[in-house]
Each structure stands twice: as structure tokens, then as C-alpha cells.
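See structure below.
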Amino acid sequence: MEHVLMESVSARLAGQGFNVIIATEDVNEFPKGYIFDGPNNYHSSMKCTWIITNPLNQNSSPNSTKMPLHLRFDQFDTECSWDYVYIYDGDGVHGTQLGALSGSLSPIDFIAKSGSALVYFTSDVAFNMAGFNISYDYNTCISNCSYHGKCVDGRCLCESGFKGDFCQISFCDISMNDKKGPCLNGGSCKKQQCECTSNYHGEYCQEEITKISLDQLLYNGSIGARASHTSFLVNDQIWIYGGTFLSGNAIKEMAVYDIKSKTVSIPKPDGDAAFPLTRYDHSMVLFKNKLYIFGGVINKKTITNEFWSFDLVTKQFVLLNAHNESSVALPKAVAGHSALVIGDEMYVFFGYNPYDEFIHQTQIFSFRTGKWRKSRVDPFIEGRYGHTSVLINNQDRKNIVLIYGGYNAPIDESYSYVISNQLLEFDPADESWIELNRSQKSVYKHSAVLLNDIMIIFGGNAHNESSFKKDSQCLSQNILAYDTLCDEWIPLPLEVKKDEKFKFELYGHSAVVYKNGMYVSGGFNGRMLDGIMRLEPPSCHHFKDQNDCNQQRRNDVTFARTFMEVIKNTENKGKLSCTREHSFNRCALQKDCKKCMVRKECTWCDGTRECSMKSEPCDGGLKGVFDDVEQCPTNEVAILRRCDLAKGCHACKQMSHCSWLVIETTQSCISLHEEELILKKQRQRQIERLSSSSFLGSAAHTHSARGFSVSNILSSLPTFSTMSTNHTCPLPCAVRNTCSSCLTSQCMWCPMTQRCVDTDTYMISFPYGQCQGWVTSVNHQACFADSNDCSLQKTSDECQLSGPQCGWCDDGSETGLGKCIQGSLSGPLNSTQCSLKNWFYVGAPKCQCNGHSKCESISSSSKAITTQSHIPSNSLMTLSKSVSLKCGECSNQTTGDHCEKCSPGFFGDARNGGSCQRCECNGQAEKCNHKTGSCFCTTKGVTGDRCDRCEPKYYGDPKNNKLCYYDLAVDFIFTFKLDSEESKDKYVTQINFFSVPYKKDTDVQFTVVCDGSSGAEVSLNLTSTEPDGEMKTKQLMLRNKCDNKGIRRTYSASEPGFAFGTDSNTTFLVKVDNFKTPIKIQISFAQSPPINWVLFFVIFAACFIVLLVVAGLLWMIKLRFQDWRENQRRYDEIEQMSSRPFASVKLELASGTNKTTPIAVEPSANYRTGIFSCVVRLPTGSGEYTPFGTSGIAVASSVCFLTPSQLALLQTPDASESKVNCKVSIKRFLPFMSRH
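Under full-length UniProt numbering, think of the first position of the sequence shown as 1, with each following residue one higher.
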């Protein structure tokens, strides 16, 4: 029974959650299986390797053909640009790299021609996606050879007219001339290509003439699978240069694709010639008979400002401008820029620079003078990387540049980059910028060309971390089109079969225009592409009138030729109308008078300060309308560029009105006015802190050694500074060459490329997965063991986890000694470095005892160390059964299951035969860090890697065997909390104190309390130094147990030979030891004189009497104050009552009239009703008068409506009248009659 080997073991897995299903087949059948990440999302920070090999291939002869391995990614979803799956052809990474997959991808197939494959997955800590599902097999061909071939041993034998790894490419064979062949819709083969009828186009006549066609072209030769290269059309040829490659040697020569003959050639220079270093993310333009190459990334990490020319006649390169790393060099080194030739000058737009980061100025090179200059600064334009630029040159607009998309710097404090959907217009005449209508899609590393006034944007990377995942894709699935005449975006639908979508989803490609087609070369979609694609827009020639043509254009795409050009055979006489109701008003985009007046169709309205078309009158008539640029006001205030647009120190310092401010770890570019306010506020905060008494006290104690002053304390507070010149700016990340220096600036270090990058430029620095792991300040210890350098790894586990490029070679001594070298599953890269029997690409040697012991067999009851070892079998490494072994007794002062650490009291690197040294701690520690030798000091107050100095407030000299003592001031209680969680207190078992009694004739009270059950012991000595220098010591306490009840002792000031006071040298020495942390210790020395009880009671009685007297006085004052307040309240009430309106009225009690007249009327606020008060007589009963003592009349009130005649008599009171004027006569109300 033979089995397929699927290597997936612990030595190659860092993380959890992955599953492998391996089908074990009979030798007459073929192995197959699946690799997937389980039912849930994959885990963070994973490094996993799978190796698939076939025993049938291993057993075959060296000259026989290997059975290829078919890998299919049925489902794939990882975090775009951060989590990658790498595929290699072979059983190691030193073979051909087939792909680097990331993001959400369509199903994709790979063929490993060697019959073996290595799959390596790495993830970061940010997002965990659904993962992937990979199926593999040996006995099937992709898509069953597309049903146009026969599958033999996993290879397709294609029928006539078909080719490709799985017969997926059809072509016109030489025998198919004048026959249909692969041509569709009535087309036929002519000269080995399809000739279409008038209503169809495309490589196979597959699309109607009214639809867009996109084809993969067939050609002889190869341009090389590459991305981030450049291409330029010269006559009928596309010249291709540079780019980055997944594997193999980079191509340093030009590659030329001939469009007519469909062949690729490599031009050879005349005679000996120098070649530039290979580069990517550069630019290339044509001027006269030379191609000019500028900038880019060389040596896989260095952004350069090299400037080369390539002569199309002699085929030779000439260096025009050498690399200059200076921050002030001109031209500035850039990558990811674009360039165009306008007149006799080359314009270099944007790009990323190591010092200035995203450059916002245009660099201009004059071919006439050979000198560089920079354009003027626009206050609103942001720099970008990976954009595209096209040149418009028609009757309406001459030499106008359109720039679209790109990767922008972070726009706020979130530090999240933004992929742009901006469309900018640049006019080289006045170096002005205008933002045009934005699209709905944001991309970078795309391509763009201009076809008949339509800008077509193809491909690109659309991943934007600030957007929702569904709208954020690694590979853009849209083709965008922008009408430059109408300023509108029009749809470009493209129908592609689902299983062919991956062919047209790509980024990092290059494009040129030839006739009516867009030719796309190279690119990346998880694997590097070496093909040429052609995109052809629809045509109008079959429409009968212009309305039909316009309608089709609204609904579909751009057109190769206008209706008027086709019908009348004329050019530029008729244009398709815009879909908008009005033509594009370009004048409204101009915000400056002079820029407005430059355009013939525009005029400036001074009243509204707006630019409008001459056909549209200004608001307010003709007043303030300018017809000449000289009429523009000259006193316009210049707009300064916002300081926060500069993301780095060097870029900030180039603006004279800005300053780079550093406050602790925060750095930003602010205006000089903002800087002044911030510094003023910071200074104010510091002064407020100084005003705190607690702070002043601690500060005075801290600075007692150098004197207490405000200036001293200010110097100890958090610092903030500004950088006045570029020379004070720190080195940017991109120019740091070591891991340690990189991490000190909060950058990211990539060991694989030895490159340091800023955190927000990681995606543009490694757009194709070139970095398989990185180091940040979080895992800074990885700097000491470069994962890319196999020789630095000390054990088999470290060797295998460093990456799939390394394997472990055991020395055969059975002690675990060996070395980490480059290799694969089948053996080391250099076969002379290690024999196969000692090679461990997976698994580990027996026990791995690091050379300090040998393996011993153990019984089942003992603690077993399960290991896996390789046993050679038919030249193929397979996995053997587990063996229960352990390392014997460790020697050379080592310990651990694998003798991998130094024993307590020793330090060093014991791995792989390393030695251990005794800890050097000056007698102040028994243990030290087993790696660094840093001592774990056991006495509180002793510090230093060698326990060789005292902490602040402690006094002594540990280097000379003198303990560190803490100074206890008399009459203060000190509390010491020692926490076992803190590294400096974890190992402390002792603390020492000293105190000097300063009062001569006062006894000393000593108190110590130990809160904790650690068994602390206290020893106390009294020392004194005689004038002759002799020191006397008296033991007062020896190892007394200290607990939470405490110890209290009093020591007499009359002790013979130990006088107290400042003029004597008597000192108490205290040692608290034999405890374990955590513990809290309270300790104090007090000198309180004896209490005079007579004096105490006399003073107490006097104070009590004084207190009673004061209390009585306060009570009397309180009563007087209450009386005053009561009287005052009464006065206020009387005054208020007296200010009410009143009047007298005479009553005629004997009158017999039936008419009732009110004595008072109080109108309401709205004067619609009022309160009428009348005098009524009370009933008298049977008598003439009411009974004695009772009133005979009363006042009755009622709410009544006011009549107009009554309102005429009422007057609204004047609000300004004072209260004294409220007393008015009631006589004017007498005519009021009662209403019933």
C-alpha cells in the first residue's frame, strides 16, 4: 500500500483551525485530497505549510516525465494585501513560485509540473476571513482538457487548433485557411486569425459590433510574467521595460511586442552596453527617438531618482542622472508616479518619496536645457501613488492632463489610507489644477488610455480598509469610462464567463492605444501574467441616424468612431451629444479671476466672485463683468497650503508657514499660529501642575540634591519640541537599513526584503505579497533572530517556523546539535552541507537536547516527549511512528526538557551547544535572567543588571558589599508595598532602613507592622561612631517575627555611649528579611516628649471655656439676625400692600335704583373679560339692620365680558410707571353697568 505524502505537522504549523483530508489510494489509483481551514474563519498570526508529493513520481527514473499535480482553489477569501497563500512548484520554496493569493478571488487553477507543491499560508492579527478550500489530484486534467484533448498522466494532448495547459486556447491553424475554425458568427480563418463580418468583432468574432470586446491575444514568444512595468507604443510595436517578478531572474532588457506579426523579440544593443538595475513602479516616455526611464524601485527596496535614456536605434542605455539619496536632491526619488511629454518637457506627476512621502508637486524636465524644476504649489492638491495620467489634445482643449485614482496618504488622525476616486485636470500652461466629476469606484495600480475623447480605466486594486468589505476588493471588476467632452461617467458593461473572470481581474499592468484598441500587458491577479489583452470599444457604423447612435451611447459604451465620421466620412464636424441637459460648464470650476479669464468662453463676475460662461449673464446684470485679464483685482490674498496635508517632517518643513510639532509620541504638522497656541497651553498646564502643593512637595524632595526651583521642575515634565530645520527631522522609515533602527521609529521591518517601511505604506511597498512576514515594535525581539536568515535559528523548531525556506541538519551525535540551512523536503539546497539521513525539513531529531545530553528511553509512566523523525525510504522522506524518548541528565549548567535553558544562577544561550556563565550579581542576587544575565536583585533598593547601584532615596554601595538603606525620617510613617507582579519586586526578600534621632533628650519609639503571612523577620541594631573613628554597635533585636500585629519598642535617650541628637553619630539600622512578595510593611521612628498631664488639663479647660463663650456669642448674633430678617420681611409686605391700586367710593344706600355700578374693574391681560366688584347689602332678617357686630354690606366679584364701550374707558397701564404711580382713581369706572 502506497500513500500520498501530505506534510502538515506541528513543526510547520503555528496556529489552529486547519484541516487536511488525504485520500490514501491503491498504487494502481491516483492520490487526491483537500486542504481547507475548517468550518469557521481562520485564526490570527498563523504560519502554515503543506507539502504535497506523489510516491509514483519519486519512484520514477530521473529522466522520465513527472506526473503533474493539479491544484484548484474552489473558494478563497482572505484579508486583502495582508493575508497570503503562496504556492510553489516543488517540495520547497526554492523552485518556481506559481502564485501569491490574497483577497476574494474567483476559482483559479494551478499546475505544478514537478508533481510536488508547497502551499504556505500566513496571516496577521487584524481580520480573520472565511479562508480557502483547495482540492488537489494527479489523475485529472483541468476542465477535462476543455473537451478538446485527451488527458494522459495528468497532461492534455490537444486536438488540432487548440493549445494551452488544458487546451483552453483555440486558434486558426495553418490548415484552417478559409475555414470557420474557432471563428464565430460567420467569421473565417485568414492568415491564421479570424476575419469577422461587418456586424461582429473580437479575436474570435464573438461580440456584436455594438458591444465591447476583450480578448487574450495569441503570440509567439513571451514578454515575461511581470507587473508594475511600463510600456510605450512606437509605430506598430509595444516596448516593455522593467517590472517585478515572482520568481526567476528579472529581465533587464527591453521586450518588444510587434502588433502586426504578433511576435515578441528582445532587441540586442550594438556593441558592449551597460544595463540599468532592474526596477519597477517607474515611468517611461518617448521623445524623438529615445525612451526615457525615470525613478522606480531598485534592489527590491530602494526608491531611486535615476534617469536613463534608451536609444531606439542603437538599443543602448545611457545614464543621465545618477541616484542621489539626499533629501533636497532634484529630481526627487519617486515610485508609483506617472509621466507625460508635453512639448519639449517631461512632466512627472506625484509618486511616493522616502522623505516627502506622497509628493504633491509636479517635477518637470526640459529636454531642451537638460534641467529639472518643480511646478508651483497648489494649496488643495494631495499627493498620491499608483494613479494614471492621459493627455488630451483636441480643438477644445490643448495639452490638458487628466489624472485618475491612486493611493492617498491618511487624511485624518485615524491613520487609515484612502484609495482615491478623484479625477483631476492639470493645465501645464499655468500649472493649475481642477477637480472634475468623481467616479463611484476607487482604484489604484490600474491603467488608463484615451480613445476618441473617452478615457477608459481598466483593472486596478480597489481594496480600501476604511470601506465595507463588499465594496473593497483586491481586484477591481469594473471597466470605467469618462467622457472628457461632457464630464460624465458612462457605463461599460462587460459580459465574461464565470470561470474566465480571473483572466480580466488584475492590477499592476500597463496599457497603450493602437488604432481603436487598448492593449494591456502583464499584470497580477494572484499570479504574474505574461499575456497581452486587447480591449475594443463598440462602433457606430451600422446605425442609420445619429439619434440611434446617441441612444446606444447612453445605454452602453464609448464608440470607436462617431456617426458623422462614418456616414459623411468627415472628422470633427459632428459630435455625439452629451446625455446631460446642458453642456459641461467648465468655467464654474475656476475659482481664480486670472484662471477664469484665460479661457475664451469664460468671464469673471466680480460681484459674486464666480466664473461663468459668457453666454450666461452674471447675477446683478453687467455690472462687475470683466472682459480682460488685466481687470482682475491684484489684491487677492494668496491661499496657503494646509499644514496637515504634510504627513512627514521633511514635507512639513518645506512650507514656511508650518512647523513640525512633537509632543511625547504624537507628531503632526501644524501652522505657526497653532504651534504658538499649543505651546502656550502646555506651559500653562505645567504652571498649574506646579501650583499643586502635593506636586511641589514631591518635586522638592526629588530635586533636593540640586536645589528646588521652577526651572528644575519644568525640565522634568513631559517634553515637547519643534523642529526648525530639515536637519533636525528624524530619518524616515524608508532609509533605515537595520531592524533595530527601523523599530525605533515605529516603522515596519520586512526580513525577507530587508526593507523598512512606514505603516501606512505597507500595501504600496509590497503590492504583490513580496513580504511574507514583518516585525513591529510589538514583536521587536524578532530582530535578534532574522527569520529570513536560516543560520541564525538555533533549534529545529525555530528553524522550521522561521519559514518554508529553512530545514534542520542534525550532526548525527544524537544530542540535538545541528544547523539550520536552506532546503526543501527532499534535502538541503546544497547537498554537500547535509546528508539525507540527518535532514529534517519537518519533524525533529531525537529529543533535541541541544548538545548537553543524549536521548534515553522511558517507561510509559514517565513524562514522555513524543518526537517525529524522518526515515529515508526510496529517496522520499516519510513520517515514522512516535517514539517515547527524553533527554538524560543535562550537563554544562543547563536545564529544561531539552536542556535549552541555563540552570538557576547561570545565564547564556544554551541552545545548540551554547555555554552558560555564572550570574555576576555582587552578592545581591542568587538568580538572573537565563538569557541576558540581568540579575534578580533580592534586596529592595538595589538595582542594575549586576545589582551594582542603589535606587533613588536609598544610600549605599552594593559594588563594595555595602547594602542599600532607605532613609526613614523621624516622626513619619512609611509604607512599602511590594508586589509579586512587578518584575523589580518579584524576587525581593529583604529591605534595609536607617534612621537618625535628631532630638537629644527624647526617647525613640520604633514600630513595624508586616501585613502578610510571609514570615518576615526584623533585626535592629544601634550604631555610634566615636570621635576617634571607632564604631560601636549594639544589637537591639534579632530575627523577631513580624506580622500584622506588629512590633513596638521604646529606646531610652539615656543609653550609655549612644547619645541622640544632630551633633552625634547614633543611627538605628533595621533589616526586614526572610519574606516573600506580596507584602506591605509599615515602619516608623518617632521622638515624642512625655505628656505633662497638669498642663494638658489646664489647657483643655481653658479651651473648653473659650469655646462656650464663642458659642454663646454666635447664638446671640444668630437671634439678632433672625429678628432683623423678620422685620425686614414685614416692611416689604407693608410696602407691597401700600403700592396696590386703591380709591374711595361713596355709596348711596337709600337709593332705589335698579342699576348696579361696580366699584372696581380689573381687566384681564387680553382685555376681553374682567373682574367686576360690586357692593351688596347683606340680609337684615326681620330687623332694620343686621345684628350688632356683623357687617351690613359686602363686596362681591364676578368675571364678566367687557363691551366695546367699556373698553374705551379702560387705558392700558404704562409699563414704565413706578409702583408709586399705581394709585389711580376709580371714578372713571363708575359708568360701568352690570351685565347679567
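In this text, a Cβ means the ideal position worked out from N, Cα and C, and glycines have one as well.
Decide if residue i is buried, meaning its Cβ has at least 16 other Cβ atoms within 10 Å, or exposed.
i: Tyr997; result: The residue you asked about is not Tyr; residue 997 is Pro in the sequence shown. Result: buried.
i: Ser326; result: exposed
i: Arg1177; result: exposed
i: Val418; result: buried
i: Ser198; result: exposed
i: Lys1118; result: exposed
i: Ile266; result: exposed
i: Thr728; result: exposed
i: Leu1149; result: exposed
i: Trp808; result: buried
i: Thr49; result: buried
i: Arg736; result: buried
i: Ser81; result: buried
i: Ser44; result: exposed
i: Ala274; result: exposed
i: Ser698; result: For Ser698, the predicted model reports a pLDDT of 37, less than 50, meaning its position is unreliable and no value from the coordinates is stated.
i: Cys1103; result: exposed
i: Ala910; result: buried
i: Glu79; result: buried
Return the residue from the list the options that minimises the CA-CA distance to residue i.
i: Ala1053; options: Ile1047, Ser1064, Gly1046; result: Ser1064
i: Pro1090; options: Val512, Leu506, Asp1001, Met763; result: Asp1001
i: Thr484; options: Ile266, Lys398, Ala511, Ser175; result: Lys398
i: Ala409; options: Val662, Val775, Thr761; result: Thr761
i: Tyr444; options: Val520, Pro1158, Asn461; result: Asn461
i: Phe127; options: His673, Gln1005, Asn779, Tyr84; result: Tyr84
i: Tyr347; options: Cys80, Ser45, Asn353, Gln361; result: Gln361
i: Lys614; options: Val264, Gly607, Met597; result: Met597
i: Gly812; options: Thr388, Asn850, Lys953, Leu56; result: Asn850
i: Leu535; options: Arg527, Ile456, Ala588; result: Ile456
i: Pro1204; options: Ser1191, Val1175, Gly1170; result: Gly1170
i: residue 1244; options: Pro354, Val318, Phe365; result: The requested residue 1244 is not part of the displayed model; the chain covers only 1 to 1236.
i: Met518; options: Arg527, Ile532, Phe524; result: Ile532
i: Asn54; options: Gly90, Ser891, Gln924; result: Gly90
i: His282; options: Ser1198, Val1094, Ala339; result: Ala339
i: Val318; options: Ile764, Phe294, Ala335; result: Phe294
Are the beta-carbon atoms belonging to residue i and residue j less than 8 Å from one another?
i: Lys332; j: Gln363; result: yes
i: Phe36; j: Asn133; result: yes
i: Phe1060; j: Thr1066; result: yes
i: residue 1318; j: Val513; result: Outside the shown range of the chain (1 to 1236) lies residue 1318, about which nothing can therefore be said.
i: Tyr204; j: Gly131; result: no
i: Lys595; j: Ser375; result: no
i: residue 1268; j: Tyr219; result: A query on residue 1268 cannot be resolved here, the shown segment of the chain reaching from 1 to 1236 and no further.
i: Phe1085; j: Val1018; result: no
i: Ala112; j: Leu71; result: yes
i: Ser1024; j: Gly1057; result: yes
i: Gly92; j: Pro804; result: yes
Could you tell me how far apart the beta carbons of residue i and residue j are, in whole angstroms, since I believe they sit closer than 8 Å?
i: Pro276; j: Glu306; result: 7 Å
i: Phe426; j: Val449; result: That pair is no contact at about 17 Å.
i: Lys1041; j: Asn1021; result: The Cβ separation is near 18 Å, so there is no contact.
i: Trp372; j: Leu330; result: 5 Å
Using DSSP bridges, identify the partner residues of residue i.
i: Asp1011; result: Lys1080
i: Asn305; result: Asn305 pairs with nothing; no bridge assigned.
i: Asn461; result: Tyr444
i: Ala1016; result: Cys1042
i: His201; result: Glu207
i: Lys1118; result: The partner list for Lys1118 (beta bridge, DSSP) is empty, contrary to what the question assumes.
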